[in-house]
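In short: position in the sequence shown from 1, add 52, done, that's the working numbering. All residues carry an ideal CB built from backbone N, CA and C; glycine is no exception. Small disclaimer: the values here were computed from a predicted structure and weren't measured. These notes concern the structure reproduced below.
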Amino acid sequence: MQAAKPTVAKHQTVNKPKPISEVTYGETRRIATGCGEFDRVLGGGIVPGSLLLLGGEPGIGKSTLLLQTALRIPSQRILYVSGEESEQQIKMRADRILGVENSSGTVGKTDCYVVSETVTQRIFEHIDEVKPDLLIIDSIQTVSTETIDSSAGSISQIRECTAEFQRYAKENAVPVLLVGHITKDGNLAGPKVMEHIVDCVLQFEGDRNYGYRLLRSLKNRFGSTAEIGIFEMQGDGLREVANPSEFLLSQRDENLSGCAIAATLEGVRPMFIEVQSLVSSAVYGTPQRNANGFDFRRLSMLLAVLEKRCGFKLGAKDVFLNIAGGIRVSDPAIDLAVCCSILSSNVDIPISPRFCFAAEMGLSGEVRPVTRVEHRIAEADRLGFEKIFVSKYNTRGINKSRYQIEIVEISIIEEAFRNLFA
53 MQAAKPTVAK HQTVNKPKPI SEVTYGETRR IATGCGEFDR VLGGGIVPGS
103 LLLLGGEPGI GKSTLLLQTA LRIPSQRILY VSGEESEQQI KMRADRILGV
153 ENSSGTVGKT DCYVVSETVT QRIFEHIDEV KPDLLIIDSI QTVSTETIDS
203 SAGSISQIRE CTAEFQRYAK ENAVPVLLVG HITKDGNLAG PKVMEHIVDC
253 VLQFEGDRNY GYRLLRSLKN RFGSTAEIGI FEMQGDGLRE VANPSEFLLS
303 QRDENLSGCA IAATLEGVRP MFIEVQSLVS SAVYGTPQRN ANGFDFRRLS
353 MLLAVLEKRC GFKLGAKDVF LNIAGGIRVS DPAIDLAVCC SILSSNVDIP
403 ISPRFCFAAE MGLSGEVRPV TRVEHRIAEA DRLGFEKIFV SKYNTRGINK
453 SRYQIEIVEI SIIEEAFRNL FA
């Protein structure tokens, strides 16, 4: 016998076509999460009635992020529905997150309810009882509806359950946060239509061997997708990182060859990362090429440029490249730093840690301009770097007197080599 769907309060509206000039709108009200990095990615907070999807690898911290958010949103009633963990497990994690705050047995200022449930019909019964201001489902792959005869996690179940939560969010103006699993290819598990249904798709990523985590917005109907949030995983939860460069730049007492600092952008936020290279003679006859955190094909291209256009004999040498901190970078502005770190290791001459680089390399060996170079220069100046190497085609219109940092303009890679190693 098919179970009847529980009823939820509906707001019936009658729409009719109207000229676009007559459509009015006001500033969207948002719910502040109490986490500046999370709010930054969302565009200022959670919009009532929105449907958000958070994906990431297993164990990366998705549940920790959402539970920490639920516990610290002020003056809101939260219902946290878990299909993966028991209520006791959630309570243990809440105690670790709140620490001293939870010593009295309270859950901070937030009215947070938890329940372990996997059937949507019973979840809506709990919703009718609690009447939450925010609903969290962890995870959508573990939830199923009795109206479809298939196992939880199947394409039809994920599609229908997502549609049910979307209807609830829109009809009751209650935001719903869904946790989503990802496949071995790094894509969100389930039908692609799920990503079209939701209002915001967030991706939580990072290397589990390192403490940092990045929160990216892949889709956001209420804000920009150019922002990222940076966190550090600690024993008591996730800590916001205001200055990511402090984690991505190693602290060294002496200069070592093969290291160069690149000024990159993650979204609109400038970050400084350390590029490490090792160039050595090929032991086994066939040269090895290896890149961690950097596109291997782009590394091969840069090595070919250095060999063909600049005369550096690297064809018979092993080249190993690593982006410190385990971060993966796709910004072409780190090309110059990669080339300089390789040349530094090749000639065994260190580059000053007070120098940084922001330029793209062309196939003819020219140093090409990059976007938002003024943001990179300003951040390098703020962090106390002495020199920044940029393309000479990137400095038109820049008032150099505004900065204390020396801006070195170069047009071809040989100029960088002469500046650094002559």
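For this session: Quick one: grab the DSSP three-state call for L358.
Result: helix
Problem set entry | Neighbourhood of D185 by C-beta distance below 6 Å, restricted to the same chain and skipping five residues each side | The residues are Q128, R129.
Problem set entry | Residue from L395, I386, M323 whose Cα sits closest to the Cα of E412 | I386
Exercise. Does the distance from the CB of V327 to the CB of F346 come in under 9 Å?
Worked result: yes
For this session: Label M144 either buried or exposed according to how many other C-beta atoms from any shown protein chain fall within 10 Å of its C-beta, with 16 as the threshold for buried.
Result: exposed
Exercise. Using the C-alpha atoms, what's the distance from Q193 back to N446?
Worked result: 48 Å
Problem set entry | Selected residue, minimal CA-CA separation from F324, among S333, S332, I313 | I313
For this session: State the CB to CB distance for the pair L317 and R424, rounded to an integer number of angstroms; the pair is presumed to be in contact (CB under 8 Å).
Result: 6 Å
For this session: Flag this pair as yes or no: are the beta carbons of E223 and E109 separated by less than 9 Å?
Result: No, they are not a contact pair.
Problem set entry | Range covered by the beta strand (DSSP E) that runs through N344 | 341-344
Problem set entry | Sub-9 Å separation of S393 and G310 beta-carbons | yes
Exercise. Whole alpha helix (DSSP H) runs in the segment 250-311 with 4 or more residues, listed along the chain?
Worked result: Fully enclosed alpha helix (DSSP H) runs of no fewer than 4 residues occupy 297-300 of the segment 250-311, in order along the chain.
Exercise. Just to check, is the beta-carbon of I280 closer than 8 Å to a non-hydrogen atom of the ligand ZN?
Worked result: Inclusion of the ligand ZN in the displayed structure is not the case, the ligand content being empty and no account of it being possible.
Exercise. Short check: CB of D91 to CB of Y132, under 9 Å?
Worked result: The beta carbons of D91 and Y132 sit no closer together than 9 Å.
Exercise. Going by beta carbon distance, what residues of the same chain come within less than 7 Å of S138, once the five residues before and after it are set aside?
Worked result: S168
Problem set entry | Cβ-Cβ distance between I188 and A122 below 9 Å | yes
Exercise. How about I440 and F407: do their beta carbons lie closer than 9 Å?
Worked result: yes
For this session: Please work out which residues of its chain come closer than 7 Å, Cβ to Cβ, to I375, disregarding the five sequence neighbours upstream and downstream, and give them in chain order.
Result: Within the same chain, Cβ atoms closer than 7 Å to the Cβ of I375 are found at I325, V327, N344, G345, F346, V381, the five residues on either side in sequence being excluded.
Exercise. Which word fits D400, buried or exposed, when buried means at least 16 other C-beta atoms lie within 10 angstroms of its C-beta?
Worked result: exposed
For this session: Give the DSSP-derived three-state secondary structure of G107 in the structure shown.
Result: If DSSP states are grouped into helix, strand and coil, G107 belongs with the strands.
Exercise. What span of residues does the beta strand (DSSP E) with F407 cover, start to end?
Worked result: Counting along the chain, the beta strand (DSSP E) containing F407 begins and ends at 407-410.
Problem set entry | Which of helix, strand or coil DSSP assigns to E181 | helix
For this session: Would you kindly work out how many angstroms separate the C-alpha atoms of F469 and L395, rounded to a whole number?
Result: 8 Å
Exercise. For A221, which residues from the same chain have a beta carbon less than 7 Å from its beta carbon, with the 5 sequence-adjacent residues on both sides left out?
Worked result: G101, S102, L103, P227, V228
Exercise. Quick one, are the C-beta atoms of R265 and G113 less than 9 Å apart?
Worked result: It is a contact, given that the beta carbons lie within the stated cut-off.
For this session: Would you mind sorting A356 into buried or exposed? The rule is 16 or more other CB atoms within 10 Å of its CB.
Result: With fewer than 16 other beta carbons inside 10 angstroms of its own, A356 counts as exposed.
Problem set entry | Residue of L106, L388, E359 minimising C-alpha distance to Q255 | L106
For this session: State buried or exposed for V253, treating a residue as buried only when at least 16 other CB atoms are found within 10 Å of its CB.
Result: buried
Exercise. Relative to the C-alpha of G414, which residue among E466, I457, T172 is closest?
Worked result: E466
Problem set entry | Inter-residue spacing [alpha-carbon to alpha-carbon] between L351 and S134 | 44 Å
For this session: Using only alpha-carbon positions, find the residue among L117, G363, G275, F409 that is nearest to T85.
Result: Closest option to T85, Cα to Cα, is L117.
Problem set entry | Three-state secondary structure (DSSP) of C164 | strand
Exercise. The alpha helix (DSSP H) spanning G88 covers which residue range?
Worked result: Boundaries of the alpha helix (DSSP H) around G88: 88-94.
Exercise. By DSSP, does V159 sit in helix, in strand, or in coil?
Worked result: At V159 the pLDDT is 44, less than 50, meaning the model places this residue with poor confidence and gives no usable figure here.
For this session: Would you kindly work out how many angstroms separate the C-alpha atoms of H427 and I98, rounded to a whole number?
Result: 28 Å
For this session: Note down the Cα distance separating N154 from K70, rounded to an integer number of angstroms.
Result: With a pLDDT of only 45 at N154, under 50, the local geometry of the prediction cannot be trusted, and the value read off the model is given with reservation. Those two C-alpha atoms are separated by around 53 Å.
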